[in-house]
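Structure, as structure tokens:
There are 2 protein chains.
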Amino acid sequence: MLSVAEENYIKCIFKKSERSLAAVSTNAIAEAMQTKAASVTDMLKRLSEKELLHYKKYKGVRLTAAGNEVAKQLVRKHRLWEVFLVEKLDFSWDEVHDIAEELEHISSDELTEKLDKFLGYPKYDPHGDPIPDQEGNIKYRSKVTLKELEVGETGHVVGVRDSSATFLQYLDEVRITLGSTLTLRNRFAFDGSVQIELADGRALVLSEQVAKNLYITVNS
Amino acid sequence: MLSVAEENYIKCIFKKSERSLAAVSTNAIAEAMQTKAASVTDMLKRLSEKELLHYKKYKGVRLTAAGNEVAKQLVRKHRLWEVFLVEKLDFSWDEVHDIAEELEHISSDELTEKLDKFLGYPKYDPHGDPIPDQEGNIKYRSKVTLKELEVGETGHVVGVRDSSATFLQYLDEVRITLGSTLTLRNRFAFDGSVQIELADGRALVLSEQVAKNLYITVNS
DNA sequence: TTCCTAATTTAGTCCCACCTAAAAGAAGTG
DNA sequence: CACTTCTTTTAGGTGGGACTAAATTAGGAA
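So, in structure tokens, the structure goes:
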């Protein structure tokens, strides 16, 4: 049985490892967890003791297979709860993160499986991120940011890179949602902003900042 | 912000106060919380510091208005989650207590209210206990145990006194559920057992033990 | 190679929530 | 009243998870 703090460290390290494939540094964890490096070192020793990660002084850490398993189950629970909050309880997608952050620590496996069934075995959460299955397999979708799209290409929105409340509220404001279909019409070299056309015919100019944070998939 | 441990103590004291109206003793709390009296004294001082209860050495404790409020919100959340687990996720009533025990500590008030709405504002939980409303008002139902019913009287099952898994499983076994209508047909002085007749015509003999743990309401 | 700087770890505290052992109060009994 | 017994509190200690301040190490620059 892991404590909430331990689970949060595991999840944090998992997230950092997802792309970088290098060992995760103490400082990076400290920053992400809003705590001090000394506290992180403490925790790393404990988690290493429990064989959830490999720890060598000054060398950063990587999760063990067991640690990875724990992390993926947490991500699974987090994303399932987010679906529940948005689809069943009518929360908007920018409100659900913090609540799911608490709900993901509820331990019952049976609860997770029944929730999954109740929700109809969803594949993606409200932000477009894939939900790991019971065995922890994650189906990543090939996707590019809107910034990387070619002029003239059409795709649809499958996720956000920055899921801060302010960004999500901005998207609500301009009525871009998950699944929105859009075509890149123009790219302005001046400031990196892009002009898009939505399925309903609306034309919008989005800043480079926005274009970098919107994930698009071209086929599917 | 209260810790999970603090909340559990508050709820425990609340439950003890519900019937007895006397101050709750340190030992009673220790027993209910599966801990030692010394630990309880520790916690009582902290909670008293936070003005959640009145504490005088050797005199037992009572919750303050603020403490009562906290307790009732916890009970509200616990029972709403139990309804969710049984009605939506298809758990049976003997499985939900421990999970609800974790879920009740999720802090978001907005979550509680949206859950309440999603469930259709239920008044009673799966064990027949009343769910406090948003302001903390609890509508107690007048009820008697089956043991106290008069021969010939008809009523229906509105709750259980002992909600242990074994008792609830027993009830499932003999197909008595919340809302079952029954008539007391006979009382055996020898061992205190009772004979009842159910709405579907089945006649059953229940031990005194069972009769004492089934709550019945005659009208309504 | 040596030095410097940034990253990391160690050492020493703190608070929370528990523990054991021992002291002290409450309350009934002869 | 004095005694006994049970309950409760105090005193002192532990591990988890955080902190600050000081020491150590890694790794690049001179």
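So the sequence lines, in the order shown, correspond to chains A and B. Sequential numbering from 1 applies to the first sequence in my numbering. Sequential numbering from 1001 applies to the second sequence in my numbering. Just so it is clear, CB atoms sit at the ideal spot from N, CA and C, and this is done for glycine as well.
Close Cβ partners of B:Tyr1140 (< 7 Å) along its chain, the five nearest in sequence each way excluded: Pro1130
The alpha helix (DSSP H) enclosing B:Asn1213, as first and last residue numbers: 1208-1213
Among A:His127, A:Leu178, A:Ser207, A:Gly179, the one whose alpha carbon lies nearest that of A:Asp191: A:Ser207
is_contact[B:Leu1115, chain A] using C-beta, thresh 8 Å: yes
Proximal residues of chain B, C-beta to C-beta of A:Glu7 below 7 Å: Going along chain B, no residue has its Cβ under 7 Å from A:Glu7, so there is no contact; the nearest lies around 13 Å.
Where A:Thr26 falls, given that 16 or more other Cβ within 10 Å makes a residue buried: buried
Residues bridged to A:Gly155 (per DSSP): A:Leu182
Coarse secondary structure for A:Glu6, derived from DSSP in three states: helix
Assigned exposure category for A:Lys59 - 16 Cβ within 10 Å defines buried: exposed
Chain A contacts from the segment 1070-1095 of chain B (Cβ-Cβ distance under 8 Å): Leu1085, Lys1088, Leu1089, Asp1090, Phe1091, Glu1095
Under the three-state DSSP convention, the category B:Arg1187 falls into: strand
Coil, strand or helix - A:Leu52 by DSSP: coil
Coarse secondary structure for B:Leu1080, derived from DSSP in three states: helix
8 Å Cβ cutoff, A:Ser108 in contact with chain B: yes
Any non-hydrogen atom of the ligand MG within 7 Å of A:Arg19 CB: You won't find the ligand MG in this model; it holds no ligand whatsoever.
Minimum Cβ-Cβ distance from A:Ile131 to chain B less than 8 Å: no
Neighbour list for B:Glu1104 in chain A, Cβ cutoff strictly below 7 Å: What B:Glu1104 touches in chain A: nothing, since even the nearest Cβ is about 11 Å away.
Minimum Cβ-Cβ distance from A:Leu111 to chain B less than 8 Å: yes
Cβ shell of B:Thr1112 (< 6 Å), same chain only, five flanking positions each side left out: Lys1077
Residue-level contact to chain A via CB, B:Ile1010, 8 Å cutoff: no
Under 9 Å from the C-beta of A:Phe190: neighbouring residues of chain B: What A:Phe190 touches in chain B: nothing, since even the nearest Cβ is about 43 Å away.
Contact under 8 Å by Cβ, B:Ser1180 with B:His1156: yes
Reduced DSSP secondary structure (H/G/I, E/B, other) of A:Phe30: The question names Phe, yet the displayed sequence has Ala at residue 30 of chain A. Three-state DSSP puts A:Ala30 in a helix.
Nonlocal neighbours in the same chain, by C-beta distance under 7 Å from B:Ser1220, ignoring five residues either side: Low confidence applies here, because B:Ser1220 scores a pLDDT of 46, under 50, leaving its location unreliable; read the following figure in that light. Cβ within range, chain order: n/a, list empty.
Residue of A:Ser3, A:Gly159, A:Val218, A:Thr154 minimising C-alpha distance to A:Ile196: A:Thr154
Neighbour flag for A:Ile99 against chain B, beta carbons, 8 Å: yes
A:Pro122 - partner residues in DSSP beta bridges: None; A:Pro122 has no bridge partner.
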